[in-house]
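Per the working numbering, the very first residue in the sequence shown carries number 765; after that it's consecutive. C-beta atoms are modelled at their ideal positions from N, C-alpha and C, and glycine is treated no differently. Quick caveat, the model's predicted, so the values are computed rather than measured. Encoded as structure tokens, the structure appears first; notes follow it.
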Amino acid sequence: MKSGRLLTTVVAPLIALVIAFGIAALALLLVDINPITAYQEMLSFGTSTESLIITVNNALPLFVSALAVGIGFKMGLFNIGVEGAYLIAALFAAYVGAQFSITPILHVSAILLVAAGVGAFWAWMPAMLKVKRGVHEVISTIMLNYIALALSAYLFLNVFRAETAGLTIATDLIPETGWIPSLNPILGWFGIEARAGANLHGFLLIAIVLGIAYHYLVNKSRFGYDLRSSGVNPTAASASGVDPKRMVIRTMLISGALAGLVGIAPLLGFYHQYPQDFPRNFGFNGIAVALLGRNHPVGMAFGALLFGFMQRSSLILDLVSVPKEIVTIIQGIVVLAVVIVYEVISRYVNRRVIAAAAAATDTAPDAPAVAA
């Protein structure tokens, strides 16, 4: 039913956002802070040209992370290992990318392939544990997160760290042929001028391609049909000829490859090397974005932009004596509220479908009797 789809895709997220901001407003009132003033400051600061550019930059890793999580969700797989996968993939990509300099397209492509390959390998391990030993992917991917953090820290400090003087601890700088150029010149064509330091990451174009490819793969291909049918009814999918073990491995490999690309936007668009303070938590926040966007690329894009906006606009709160932790409260409540609201609406829609089917059955003409 179209009305049911509208309720779950549009109304449910809006209700969840209203609930989240309403509860956050109550939290602000408890500490004698006017929530309207706080929200106005966030909106004013977050809608400047520079803030909007940074919001998009913040959203890019979250969007790719949500894609990595979402494709697993479509099959009922919970890949919680995106956090560890993208960190170790970004480290290897930064190290390999700094070792040579070739044509920019080939150089960037090589870095992307290294990141995707490392991410796919990291997801292949829990996939094999699941199909060979029956180990649940939630357990194995959570444990692999800790292994990835420890391994990447060891490799960073003892193998990949640049031997240069100074206070900065990082890998060698990637040559300019391996950078993804800024999209600010394109913004200039539309009369949008950004201040120095606010560069729209060129990875935006790659993220758009990934979103389109995700939509086609999941919703328009035979693989996507098998993927979704396996998630809805694994027994029926297996009876129709779908190999469940093969689907688990293929899905986890794709999820891991996407996870490996999560850190590419900040790596090739801003840092151009892997520093000690490389940004984290994109993997865990990507789960929230995937839930908010209902595993649909458009919904996940809006969810990533929302989280990116809140991350950027929270910077002004300390300056106006508002605790910026209120943004963390909002993000957490959004995730909780969206799950509850989706469940309530899904049950409501299902009851309507059942009632409509029952009414159609009652009004249907009696079947003619069959002569003996």
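(message) Assuming the contact rule is C-beta atoms closer than 8 Å, alanine 830 and glycine 1050 should be a hit. Round their C-beta distance to whole Å, please.
(response) For this step, residue 830 is matched to residue 66 along the sequence shown. For this step, residue 1050 is matched to residue 286 along the sequence shown. 5 Å between Cβ atoms; contact.
(request) With distances taken Cα to Cα, identify the nearest neighbour of valine 774 among Ala879, Val1086, Val1062. (result) As a first step, residue 774 must be located in the sequence shown, where it is residue number 10. Of Ala879, Val1086, Val1062, the residue nearest in Cα terms is Val1062.
(message) Does the region 871–887 come into contact with the region 841–861, if we say contact requires no fewer than three beta-carbon pairs (one atom in each stretch) closer than 8 Å?
(response) yes
(request) Using the Cα positions of alanine 971 and glycine 961, report the straight-line distance between them to the nearest angstrom. (result) For the purposes of this step, residue 971 is identified with residue 207 of the sequence shown, where counting begins at 1. For the purposes of this step, residue 961 is identified with residue 197 of the sequence shown, where counting begins at 1. Between alanine 971 and glycine 961, the C-alpha separation is close to 21 Å.
(request) Quickly, what does DSSP pair proline 939 with across the bridge? List them, please. (result) In the sequence shown, residue 939 corresponds to position 175, counting from 1. In DSSP, proline 939 forms no bridge with anything.
(message) Once the 5 residues before and after alanine 791 are set aside, which same chain residues still bring their CB inside 8 Å of it?
(response) Against the sequence shown, residue 791 aligns to sequence position 27. The answer, listed in chain order, is Ile1090, Ile1093.
(request) Could you tell me the boundaries of the alpha helix (DSSP H) in which aspartate 796 lies? (result) For the purposes of this step, residue 796 is identified with residue 32 of the sequence shown, where counting begins at 1. Aspartate 796 -> no alpha helix (DSSP H), and no H or E assigned at all.
(request) Taking phenylalanine 1042 as part of the alpha helix (DSSP H), name the residues at either end of that continuous run. (result) Residue numbering aside, residue 1042 sits at position 278 when the sequence shown is read from its first letter. Neither: phenylalanine 1042 is in no alpha helix (DSSP H) and is coded neither H nor E.
(request) Excluding the 5 residues preceding and the 5 following alanine 1001 in the sequence, name in chain order all residues of the same chain whose CB lies nearer than 6 Å to its CB. (result) One-based indexing of the sequence shown puts residue 1001 at position 237. Cβ within range, chain order: Ser993, Ser994.
(message) Let me check understanding here. Comparing Cα to Cα, which of Leu1055, Arg1044, Leu841 lies closest to valine 1102?
(response) Position 338 of the sequence shown, counting from 1, holds the residue named residue 1102. With distances taken between Cα atoms, valine 1102 lies closest to Leu1055.
(request) If I'm right that alanine 832 touches valine 1026 with Cβ under 8 Å, what's the distance once you round it to whole angstroms? (result) As a position in the sequence shown, residue 832 is number 68, starting the count at 1. As a position in the sequence shown, residue 1026 is number 262, starting the count at 1. Alanine 832 to valine 1026, Cβ: 7 Å. Contact.
(request) Determine contact between the region 1103–1122 and the region 801–808, defined as no fewer than three beta-carbon pairs at a distance below 8 Å. (result) no
(message) Measuring alpha carbon to alpha carbon, tell me which residue in Gln1040, Tyr1035, Leu908, Leu974 is nearest asparagine 963.
(response) Position 199 of the sequence shown, counting from 1, holds the residue named residue 963. Measuring from the Cα of asparagine 963, the nearest candidate turns out to be Tyr1035.
(message) Which same chain residues end up closer than 7 Å to leucine 908 when comparing Cβ atoms and leaving out the 5 residues on each side of it in sequence?
(response) Sequence index remark: in the sequence shown, residue 908 carries index 144 (1-based). Once the five neighbours on either side are set aside, the close Cβ partners of leucine 908 are Gly845, Gly848, Trp886, Met889, Pro890.
(message) Below 8 Å on the Cβ atoms is my contact criterion, and I expect serine 1019 with asparagine 822 to pass it. Report the Cβ-Cβ distance as a whole number of Å.
(response) Numbered from its first residue, the sequence shown carries residue 1019 at position 255. Numbered from its first residue, the sequence shown carries residue 822 at position 58. The pair is not a contact, with the Cβ atoms about 22 Å apart (cut-off 8 Å).
(request) Could you tell me which of Phe809, Pro945, Asn1114 sits nearest to isoleucine 1080, measuring between CA atoms? (result) Counting from 1 along the sequence shown, the entry for residue 1080 is found at position 316. Ranking Phe809, Pro945, Asn1114 by Cα distance to isoleucine 1080 puts Phe809 first.
(message) Within 10 Å of its beta-carbon, does serine 873 have 16 or more other beta-carbons around it, so buried, or fewer, so exposed?
(response) As a first step, residue 873 must be located in the sequence shown, where it is residue number 109. It is exposed - the Cβ of serine 873 has fewer than 16 other Cβ atoms within 10 Å.
(message) Taking a contact to mean a Cβ-Cβ separation below 8 Å, would you say phenylalanine 1046 touches threonine 819 in this structure?
(response) The sequence position of residue 1046 within the sequence shown is 282, counting from 1. The sequence position of residue 819 within the sequence shown is 55, counting from 1. It is not a contact, given that the beta carbons lie outside the stated cut-off.
(request) Kindly indicate which three-state DSSP category alanine 934 falls into: helix, strand or coil? (result) Walking along the sequence shown from the start, residue 934 turns up at place 170. Three-state DSSP puts alanine 934 in a strand.
(request) Would you mind working out which of Trp953, Leu1022, Lys838 sits nearest aspartate 990, comparing C-alpha positions? (result) Within the sequence shown, residue 990 is the residue found at index 226, counting from 1. Residue Lys838 is the option with its Cα nearest to aspartate 990.
(message) Can you give me the C-alpha to C-alpha distance between valine 1117 and arginine 1058, rounded to a whole angstrom?
(response) Looking up residue 1117 in the sequence shown gives position 353. Looking up residue 1058 in the sequence shown gives position 294. So the alpha carbons of these two residues sit roughly 21 Å apart.
(request) Please state if the CB of leucine 824 and the CB of alanine 1052 are separated by a distance shorter than 8 Å. (result) Here residue 1052 refers to the residue found at position 288 of the sequence shown. Here residue 824 refers to the residue found at position 60 of the sequence shown. No, they are not a contact pair.
(request) Would you tell me roughly how many angstroms separate the C-alpha atoms of alanine 912 and arginine 1076, rounded to the nearest one? (result) Within the sequence shown, residue 912 is the residue found at index 148, counting from 1. Within the sequence shown, residue 1076 is the residue found at index 312, counting from 1. Approximately 28 Å between the Cα atoms of the pair.
(message) Please classify isoleucine 866 as buried or exposed, where buried requires at least 16 neighbouring CB atoms within 10 angstroms.
(response) Counting from one through the sequence shown, the residue named residue 866 turns up at place 102. Flag for isoleucine 866 reads exposed.
(request) Check whether the Cβ atoms of leucine 1032 and phenylalanine 954 sit closer than 8 Å, and answer yes or no. (result) For this step, residue 1032 is matched to residue 268 along the sequence shown. For this step, residue 954 is matched to residue 190 along the sequence shown. Contact: no.
(request) Use the C-beta contact count for isoleucine 869: other C-beta atoms within 10 angstroms, 16 or more gives buried, fewer gives exposed. (result) Here residue 869 corresponds to residue number 105 of the sequence shown, with the count starting at 1. With fewer than 16 other Cβ atoms within 10 Å, it is exposed.
(message) According to DSSP, is asparagine 922 part of a helix, a strand, or is it coil?
(response) Stepping through the sequence shown from its first residue, residue 922 is reached at position 158. Helix.
(message) Between the alpha carbons of proline 945 and leucine 951, how many angstroms are there, rounded?
(response) Position 181 of the sequence shown, counted from the start, is the residue given in the question as residue 945. Position 187 of the sequence shown, counted from the start, is the residue given in the question as residue 951. Roughly 13 Å separates the two Cα atoms.
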